[in-house]
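**Q** As you go down the protein sequences, you meet chains A and B in turn.
Just so you know, we're using the numbering used here here: the first sequence kicks off at 1 and counts up by one.
Just so you know, we're using the numbering used here here: the second sequence kicks off at 1001 and counts up by one.
Glycine residues also receive a C-beta, built at the ideal position from the N, C-alpha and C atoms.
Treat the numbers as computed from the prediction; the structure is a model and nothing was measured.
2 protein chains.
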Amino acid sequence: MDKTEVLRFVSKRKTAFLASVDESGYPVVRAMLAPRKIGDGELFFSTNTSSKKVRQFLADGKACVYFYRRGLFKYRGVTIAGEMEVCTDQPTKDAIWRFGDKLFYKQGVTDPDYCVLKFKCKTAEVYCDLKTETVEF
Amino acid sequence: MDKTEVLRFVSKRKTAFLASVDESGYPVVRAMLAPRKIGDGELFFSTNTSSKKVRQFLADGKACVYFYRRGLFKYRGVTIAGEMEVCTDQPTKDAIWRFGDKLFYKQGVTDPDYCVLKFKCKTAEVYCDLKTETVEF
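#1: Counting only Cβ pairs nearer than 9 Å, list the residues of chain A close to Pro1112(B).
#2: Pick out whichever of Cys87(A), Ala16(A), Trp97(A) and Val65(A) has its Cα sitting closest to the Cα of Thr123(A).
#3: Tell me the rounded alpha-carbon separation between Val10(A) and Glu125(A).
#4: Taking CB distances under 8 Å as the criterion, tell me whether Val21(A) reaches chain B.
#5: Whose Cβ in chain A lies nearer than 7 Å to the Cβ of Ala1031(B)?
#6: Which of the residues in the segment 1044 to 1063 of chain B, read from start to end, lie with their CB under 8 Å from any CB of chain A?
#7: Here's the rule: buried if 16 or more other CB atoms are within 10 angstroms of the residue's CB, otherwise exposed. What is Val1039(B)?
#8: Along the beta strand (DSSP E) that carries Val1086(B), what are the first and last residues, could you check?
#9: For Thr132(A), name the three-state secondary structure that DSSP assigns.
#10: Have a look at the DSSP bridge pairing and note the partners of Leu1072(B).
#11: Within 10 Å of its beta-carbon, does Pro1035(B) have 16 or more other beta-carbons around it, so buried, or fewer, so exposed?
#12: Taking Phe1137(B) as the query, report the chain A residues whose CB atoms sit under 7 Å from its CB, ordered along the chain.
#13: Give me the DSSP bridge partner(s) of Pro27(A).
#14: Measuring only the C-alpha atoms, how far is Glu1042(B) from Cys1115(B)?
#15: Comparing the C-beta of Phe17(A) with each C-beta of chain B, is any distance below 8 Å?
#16: Say whether chain B places a C-beta atom closer than 8 Å to the C-beta of Ala81(A).
#17: Rounded to whole angstroms, what is the Cα-Cα separation between Phe57(A) and Thr15(A)?
#18: Say whether the segment 1073 to 1086 of chain B touches the segment 1094 to 1102 of chain B, bearing in mind that this needs 3 or more beta-carbon pairs closer than 8 Å, one atom from each stretch.
#19: Taking any Cβ of chain A, which residues in the segment 1080 to 1110 of chain B have a Cβ under 7 Å from it, in chain order?
#20: Looking only at C-alpha atoms, which of Thr1088(B), Asp1101(B), Lys1074(B) and Arg1070(B) sits nearest to Ser1050(B)?
#21: Chain B beta carbons: is any one of them nearer than 8 Å to that of Pro35(A)?
#22: I'd like to know whether the C-beta of Val1116(B) is nearer than 8 Å to at least one C-beta of chain A.
#23: Buried or exposed: which applies to Thr1047(B), given that a residue is buried once 16 or more other Cβ atoms fall within 10 Å of its Cβ?
#24: Would Thr1079(B) be called buried (16 or more neighbouring beta carbons within 10 Å of its own) or exposed?
#25: Go ahead and pull the three-state DSSP assignment for Thr47(A).
#26: Use the C-beta contact count for Arg30(A): other C-beta atoms within 10 angstroms, 16 or more gives buried, fewer gives exposed.
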């Protein structure tokens, strides 16, 4: 797999598993909806500014995003290590806003509790059929 | 939810998402088969002694295990923080060995590349319907 194939695989998944490191040094995992936008080695997620993950990423940007597919005979998993940036600027917020988000952010696209997590991919580990390969971004 | 309900929820999941922290301080997530055994606030997984996760947990036992269920209308996620112990002693290895494991560990239950990850639950965060509750173990 190369970078493009990794991002193509990512673009087909419905769920992302996002990990941060908390203030005590423990990893923290939670499921997220698929990235809203996939750029050149960057994944964009929407989230609540008041959430724990935002607090954790502001203190330590080191992050991991995991995607997997469980086929009938074949399992594939992609673990991507990288840096997370919390974006509260309006252009970035505008770029990934969707109409339905009003349900979660009452004030709409300018809601201060709506922000964007921008993940910069560094290294991906692709696991398939008991074999692992590394892809650098 | 209380401790027992959290472990009951865990016992019904087929996949666990396990996170460690690597030597550079990055969280690392990977999917695992469901725990082989669930004890009193402890989850047991089988794995390869030579795997990266074992190396990471020997250096830093801080761990997270995540489980989720996506229902038709309802999503539920459980993030458990705790300590991981790598067990290579024969009684622990015997306790969770299954016949089919021979496929992965040619030397059987005494294979030095077969070991057990014993996760001691500390705190669970249960997410359901946009609400979060904390359960202490």
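**A** Taking the coordinates as given:
#1: Residues of chain A passing the Cβ test: none, with the nearest at roughly 18 Å.
#2: If we check each option's Cα against that of Thr123(A), Val65(A) comes out closest.
#3: Approximately 13 Å between the Cα atoms of the pair.
#4: Chain B, which has a Cβ nearer than 8 Å to the Cβ of Val21(A), makes this yes.
#5: The contact set of Ala1031(B) on chain A, defined by CB atoms closer than 7 Å, consists of Tyr68 and Gly77 in chain order.
#6: Those would be Asp1060, Lys1062 and Ala1063, in chain order.
#7: In the sequence as displayed, the identity of residue 1039(B) is Gly instead of Val. Under this definition Gly1039(B) is an exposed residue.
#8: According to the DSSP assignment, Val1086(B) belongs to the beta strand (DSSP E) that extends over Tyr1075 to Cys1087.
#9: Here Thr132(A) sits in strand by DSSP.
#10: According to DSSP, which records beta bridges pairwise, Leu1072(B) is partnered with nothing at all.
#11: Per the 10 Å Cβ criterion, buried.
#12: Here the premise fails: no neighbours, minimum Cβ distance about 14 Å.
#13: According to DSSP, Pro27(A) bridges with Val21(A).
#14: The alpha-carbon atoms of Glu1042(B) and Cys1115(B) are separated by roughly 16 Å.
#15: Phe17(A) counts as touching chain B.
#16: Under the Cβ distance rule, Ala81(A) counts among the residues neighbouring chain B, one pair being separated by less than 8 Å.
#17: Cα to Cα, Phe57(A) sits roughly 20 Å from Thr15(A).
#18: Contact between the segment 1073 to 1086 of chain B and the segment 1094 to 1102 of chain B is absent, with fewer than three C-beta pairs closer than 8 Å.
#19: Cβ proximity to chain A below 7 Å picks out Ala1081 from the segment 1080 to 1110 of chain B.
#20: Distance from the Cα of Ser1050(B) is smallest, within the candidate group Thr1088(B), Asp1101(B), Lys1074(B) and Arg1070(B), for Thr1088(B).
#21: Not closer than 8 Å to any Cβ of chain B, the Cβ of Pro35(A) fails to qualify, so no.
#22: No, Val1116(B) does not count as interfacial toward chain A.
#23: Looking at its Cβ environment, which holds 16 or more other Cβ atoms inside 10 Å, Thr1047(B) is buried.
#24: By the 10 Å Cβ count, Thr1079(B) comes out buried.
#25: Strand, per DSSP.
#26: Burial call: buried.
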